[in-house]
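Novice: What follows is a single structure, and I will ask about it in a moment.
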């Protein structure tokens, strides 16, 4: 049986398990409606990154076909685990499964299909600023390594001339769960900062030097929103929904 892993771009697809027993109608190929004509519901789990879009897609799909798609927005790591254990019909992740993860997966080959393009952005909460702040890769890495701890640090001020930065402590907010968004963010930091590439490096789960953890893109955005001085990373839709500034 071939299983579908829905993996950023984000790699995700509205498809489930199939054993090849369902045949298309004579004279044509199978369409999504034909393939699910039995009315069977589908279950999936994984990345929070594409969930705002998936929730709309799945709602419209159910209205047109009568087939419900129950998707658990639990993070890429959770989606990979559940797919590998065959407890869901499809998974979703922002980072492709590693060779080790593919080797552990039960039930046959795992296929990756890109479905969503999105952006991981820095989000922050600094009330009273008249304009967005700018941060280069070195400064971002230093913040998330705990080397820059106040918003008026000279390394931030030098990139934002004319902006009066407060002497507020910086609170780093990162993901506490296995996350493709973390993979995308840490992959960028590893590319721009040799120090970051050495430690903590890149991956879906990291040993963070500083900060507090939150679950899902929504959890990180919510924590940043309620905490003046906080900074985190999330998919752009979560920044927009929570009216958060981006750097």
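Numbering (this note's numbering), first residue to last: 232 to 478. Where is the CB? At the ideal position from N, CA and C, for every residue including glycine.
Give the secondary structure of residue 252 by DSSP, where H, G and I count as helix, E and B as strand, and everything else as coil.
Specialist: Because the pLDDT at residue 252 is just 38, under 50, the model does not fix this residue reliably, and the point stays unresolved.
Novice: Where does residue 333 sit, in a helix, a strand or coil, going by DSSP?
Specialist: Three-state DSSP puts residue 333 in a helix.
Novice: Evaluate residue 535 with the Cβ neighbour count: other Cβ atoms within 10 Å of its Cβ, from every protein chain shown; 16 or more gives buried, anything less gives exposed.
Specialist: Any question about residue 535 goes unanswered here, given that the chain covers just 232 to 478.
Novice: Looking at C-beta atoms only, is the number of pairs between the segment 343-350 and the segment 422-442 that lie closer than 8 Å three or more?
Specialist: No contact exists between the segment 343-350 and the segment 422-442.
Novice: Using 8 Å as the threshold, is the C-beta distance between residue 325 and residue 450 below it?
Specialist: No, they are not a contact pair.
Novice: Please report the straight-line C-alpha distance between residue 399 and residue 293, rounded to a whole angstrom.
Specialist: Whole-angstrom Cα-Cα distance: 48 Å.
Novice: If I'm right that residue 453 touches residue 403 with Cβ under 8 Å, what's the distance once you round it to whole angstroms?
Specialist: With 8 Å as the limit, residue 453 and residue 403 do not qualify as a contact, their Cβ atoms being about 15 Å apart.
Novice: Does residue 319 come out as helix, strand or coil in the three-state DSSP assignment?
Specialist: Three-state DSSP puts residue 319 in coil, outside helix and strand.
Novice: Using 8 Å as the threshold, is the C-beta distance between residue 409 and residue 308 below it?
Specialist: Result yes, Cβ atoms of residue 409 and residue 308 sit closer than 8 Å.
Novice: Is the segment 460-467 touching the segment 412-423, taking contact as three or more C-beta pairs under 8 Å?
Specialist: Flag = yes, the segment 460-467 and the segment 412-423 touch.
Novice: Among residues of its own chain, excluding the 5 on either side of residue 372, which ones have a beta-carbon nearer than 6 Å to its beta-carbon?
Specialist: These residues qualify, in order along the chain: 420, 424 and 427.
Novice: Does DSSP put residue 436 in a helix, in a strand, or in coil?
Specialist: Here residue 436 sits in coil by DSSP.
Novice: Does any residue of chain C bring its CB to less than 8 Å from the CB of residue 304?
Specialist: Although the question refers to chain C, the structure presented lacks it and comprises just one protein chain.
Novice: Look at the alpha carbon of residue 395 and the alpha carbon of residue 332, and state the distance between them as a whole number of angstroms.
Specialist: Answer to the nearest angstrom: the Cα atoms are 47 Å apart.
Novice: Short check: CB of residue 357 to CB of residue 477, under 8 Å?
Specialist: No, these two residues do not count as a Cβ contact at 8 Å.
Novice: On the criterion of 16 or more Cβ atoms from any shown chain inside 10 Å, does residue 330 qualify as buried, or is it exposed?
Specialist: By the 10 Å Cβ count, residue 330 comes out exposed.
Novice: Measuring alpha carbon to alpha carbon, tell me which residue in 392, 446 and 320 is nearest residue 338.
Specialist: If we check each option's Cα against that of residue 338, 320 comes out closest.
Novice: From residue 304 to residue 312, what distance separates their C-alpha atoms?
Specialist: In a straight line, the C-alpha of residue 304 is about 13 Å away from that of residue 312.
Novice: In chain order, what are the residue ranges of uninterrupted alpha helix (DSSP H) at least 4 long that sit wholly in the segment 356-426?
Specialist: Runs found: 368-375, 385-388 and 411-423.
Novice: Taking only three categories from DSSP, how would you classify residue 441?
Specialist: In the structure shown, residue 441 sits in coil (DSSP, three-state: anything other than H, G, I, E or B).
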